[in-house]
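A.B. asks:
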Amino acid sequence: MDKNEIILRIQESGHHKIKLAIVDIDGVLRGKYMHKDKFIAALKDGFGFCSVVFGWDMDDVSYENAKVTGWHTGYGDVNAYIDLNTFRTIPWEKNTPLFLADFSNGEENFSVCPRSLLKKIIAESEQMGFAAMFSQEFEWFNYKETSTSVNEKNFSNLQPLTSGMFGYSMLKLSENSEFFQDLFDLLGEFNVPLEGLHTETGPGVTEAAIQYSGILEAADRAVLFKTAAKEIGHKHGIVPSFMAKPSSDLPGCSGHVHQSLWDVDMKTNLFFDEKAKDGMSTIMRSFLAGQLLCLPEILPMFAPTINSYKRLVEGAWAPTTITWGHDNRTTALRPLVGSAKSTRIEHRVVGSDTNSYLAMAACLASGLYGIKHKLELTVEPTNGNGYLDFKNGKLPSNLLEAAIKMKNSTIAKEIFGEAFVDHFTYTREWEWKQFAAAVTDWETKRYFEII
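Just so we're aligned: 333 in this note's numbering is position 332 of the sequence shown, and the numbers increase by one with no gaps anywhere.
Laid out in C-alpha cells, this is it:
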C-alpha cells in the first residue's frame, strides 16, 4: 500500500486522529495521538520527537551522563520518520489507525534507536544475499488486578488469573475463555497473528507464539504484542506482566526467538541441506558459530534487566552455559532441523522482558558475524544436560558483569557501532546503579530484627 492509498484510507475512515509510536531503549512504546492533517504533512519530511525518550529510563528518570541527549543538549527534537508498512487499525479502540516510526531515513540513522539499528543490520544481511525470517514467542504471568490495585498492594500478594501449575490446560483456557478468545482474535485483526496460544506451567502463566515473517515485521509484531496484551487484558480486569522472573519459586518467562536465513527471492531456506549428515548447511553452521562466539559479548541485548538474570539459573528452563544442541531445551541455542521449510534456530537465552528490536538485531548480527568471518562450528553439540556442559564457558551472571563485558567488547563495537554500544551499555550500568541504591524486602526481612 503506497502513501496515496494510505492517505485515502485515512480520509475515508472517518478518524481525525492517528496513533503514532516509537520504541525506546527498554522496548517501551512511546507515542501520542496526532491529528490526521499533521500526520499527512509528516509523511513527507517526518516530525519532531523529543529526544528525552532516549535520555531517560523506563521510570522517566534522566540519565546522568548520556552523550546522545541530556541536559547538555537541551533535550531537543529528533526527526522521526513514519513507516507506512506498519499501518494497522486497533480493533479494541474503534479501529483507530496506528503507525510505528523510527529515526532512520536514507543515510540518516540515529545510532541509539533500536528499530533503526535493526534496519541497519537487515540492510547488511540483504547486501550479503540473505532474507531473514524470524518470529518470537512469549511467556507471561496474568493477574486479576488493576494498575491501581497492584500499586496499592505494593506488587505483592497479587491474585493470579489461575491457580496451580496448569501447563497446556484446556480447562483453564475455557474458564477464561473471553480473555483468551479476545487475545487470539483481536491480535489477528491487529495484524499480529498468533500461531498458538496456551496456558503454561505456573499460576496465571500463558504462552503465545507469533507467526513468523520477515525480521522487521517480526520485531514490530513482538513489540506491539506486549502492549496489545496489556491493553486487551485491562478490558478484562487482568494485568499481564512480562517480567522475566516474577517469582523465585517458579520458572521464569521466556521470549524465545526463532530464526532462519532464506535467499532474497524467498524460495530456499539456506539453513537446510538435505545432503548434510545433520541437515545443517554450511551457512547455518557458521551462523550458529557466530552466535555462540558473540553471545557472552552482547548478552544485555538478550537479558536487559536486573531481573533477567534471576531467570537464567540452572534447572529453570533457561540456559546458563554457552551451548547448542539438537532439539535440546537445556542449551542456549536449539537448532530444529526438519524440512526445507521449517529448519531454524531457536535462541533460548532471550527473555520476555527483552526489547525485541535489540534481541533480533543481536541474533541476526551475531549470526552474520559468523558467516562473514567463515567461522567453523567447532563447539560440539550438547547431548543431555546443558547446565553441566561447561566446555565453552558460562554466561555472565548479572547485568553489571554483562554490561561491562559488552562495553569493552571489540566484537560488539564492530557489529553495532561504538556509539550504540557506548549508549546502551551505559543505560544498563545505570539500571544496575538504581538497583544497587535500593533497599530491598530481602534486606529488611533478613537484617531488620536480628542483626
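C-beta: ideal position from N, C-alpha, C; glycine also.
#1: Could you pull the DSSP bridge partners for S255 from this structure?
#2: Can you list, in chain order, the residues of its chain with a C-beta nearer than 7 Å to that of V258? Leave out the 5 residues immediately preceding and following it.
#3: Closest to L294 by C-alpha separation, out of M2, P115, A413, would be which residue?
#4: Quick check: the region 334 to 348 against the region 228 to 246, are there 3 or more CB pairs under 8 Å?
#5: At the level of alpha carbons, what is the spacing between I233 and G75?
#6: In terms of DSSP beta bridges, what is M134 paired with?
#7: Going by the beta-carbon positions, is the gap between T383 and T324 smaller than 7 Å?
#8: Strictly by DSSP, which residues pair up with L334?
#9: What does the alpha-carbon distance come out to for the pair L172 and V69?
#10: Using a Cβ-Cβ cut-off of 7 Å (strictly less than) and excluding sequence neighbours within five positions of G165, which residues of its own chain qualify?
#11: Using a 10 Å radius around the Cβ and a threshold of 16 neighbouring Cβ atoms, would you call H374 buried or exposed?
#12: Quick check: the region 191 to 208 against the region 167 to 181, are at least 3 beta-carbon pairs closer than 8 Å?
#13: Nearest-angstrom Cα distance between S126 and K268?
#14: For the pair the region 6 to 17 and the region 89 to 98, tell me if three or more CB-CB distances fall below 8 Å.
#15: Might you give, ordered along the chain, the residues of its own chain that have their beta carbon closer than 6 Å to the beta carbon of V54, omitting 5 neighbours on each side?
#16: So if DSSP puts M129 in a beta bridge, which residue, or which two residues, is it bridged to?
#17: Taking all protein chains shown into account, decide if S178 is buried (16 or more other Cβ within 10 angstroms of its Cβ) or exposed.
#18: Please work out which residues of its chain come closer than 7 Å, Cβ to Cβ, to G418, disregarding the five sequence neighbours upstream and downstream, and give them in chain order.
#19: Using the three-state DSSP reduction, which class does K45 fall into: helix, strand or coil?
#20: How many angstroms separate the CA atom of H17 from the CA atom of F191?
#21: When the Cα atoms are used, what is the spatial distance from K246 to N66?
#22: Would you call the region 431 to 451 and the region 39 to 57 touching, i.e. three or more CB-CB distances under 8 Å?
#23: Excluding five sequence neighbours on each side, which residues of the same chain lie with their C-beta closer than 6 Å to the C-beta of G291?
#24: For the beta strand (DSSP E) that M166 lies in, which residues bound it at each end?
#25: Please state whether the Cβ-Cβ distance between F48 and A81 is less than 7 Å.
#26: Alpha carbon to alpha carbon, how far is F391 from P301?
#27: Specify the secondary structure class of L159 as computed by DSSP and reduced to three states.
#28: On the three-state DSSP scale, how would you describe Y310?
#29: Rounded to a whole number of angstroms, what is the C-alpha to C-alpha distance between K145 and W263?
#30: Quick check: the Cα distance between D58 and A304, rounded to an integer number of angstroms?
#31: Kindly confirm or deny that the region 430 to 449 and the region 397 to 406 touch, where touching means at least three C-beta pairs closer than 8 Å.
#32: With C-beta atoms as the reference, is T332 less than 7 Å away from K395?
#33: Which full runs of the alpha helix (DSSP H) of 4+ residues lie inside the region 167 to 214, going along the chain?
#34: Does the Cβ-Cβ distance between L187 and L195 come in under 7 Å?
#35: Please report how far the alpha carbon of Q128 lies from the alpha carbon of I416, in whole angstroms.
#36: Can you look up V79 in the DSSP assignment and give me helix, strand or coil?
C.D. replies: Walking through what the data contain:
#1: As DSSP reads the structure, S255 sits in a beta bridge with G352.
#2: So the list reads F135, Q137, H348, V351, A360, M361, C364, once near-sequence residues are dropped.
#3: Closest by C-alpha distance to L294, out of M2, P115, A413, is A413.
#4: Contact annotation: the region 334 to 348 does not touch the region 228 to 246, with fewer than three C-beta pairs closer than 8 Å.
#5: Taking the straight line joining both Cα atoms gives about 37 Å.
#6: Under DSSP, the beta-bridge partners assigned to M134 are G215, S261.
#7: Yes; because the gap between Cβ atoms is below 7 Å, this pair is in contact.
#8: DSSP output for L334 lists W325, H348 as bridge partner(s).
#9: Cα to Cα, L172 sits roughly 51 Å from V69.
#10: The answer, listed in chain order, is P204.
#11: H374 is classed as exposed because its beta carbon has fewer than 16 other beta carbons within 10 Å across all chains shown.
#12: Touching, per the Cβ criterion.
#13: Roughly 16 Å separates the two Cα atoms.
#14: Contact between the region 6 to 17 and the region 89 to 98 is established, with three or more Cβ pairs separated by less than 8 Å.
#15: These residues qualify, in order along the chain: D25, R31.
#16: Answer by DSSP bridge pairing: none, since M129 is not bridged.
#17: When all chains shown are included, S178 counts as exposed.
#18: Closer than 7 Å at the Cβ level, and outside the excluded window around G418, lie S112.
#19: K45 falls in the helix class under three-state DSSP.
#20: For H17 and F191, the distance between alpha carbons rounds to 19 Å.
#21: Each residue's Cα considered, the two are about 29 Å apart.
#22: Contact annotation: the region 431 to 451 does not touch the region 39 to 57, with fewer than three C-beta pairs closer than 8 Å.
#23: Here the set comprises S367, G368, Y370, G371, L376.
#24: The continuous stretches of beta strand (DSSP E) do not include M166, and DSSP gives it neither H nor E.
#25: In this structure, A81 lies closer than 7 Å to F48 by Cβ.
#26: Taking the straight line from one Cα to the other gives about 21 Å.
#27: Residue state, collapsed to three classes: coil.
#28: Of the three classes helix, strand and coil, the one that applies to Y310 here is helix, per DSSP.
#29: K145 and W263: Cα-Cα distance of roughly 43 Å.
#30: Whole-angstrom Cα-Cα distance: 16 Å.
#31: Yes, since at least three Cβ pairs between the region 430 to 449 and the region 397 to 406 fall closer than 8 Å, the two stretches touch.
#32: Not a contact, by the Cβ cut-off of 7 Å.
#33: Within the region 167 to 214, the complete alpha helix (DSSP H) runs of at least 4 residues are 171 to 176, 178 to 190.
#34: L187 places its beta carbon 7 Å or farther from that of L195.
#35: C-alpha separation (whole angstroms): 15 Å.
#36: Here V79 sits in strand by DSSP.
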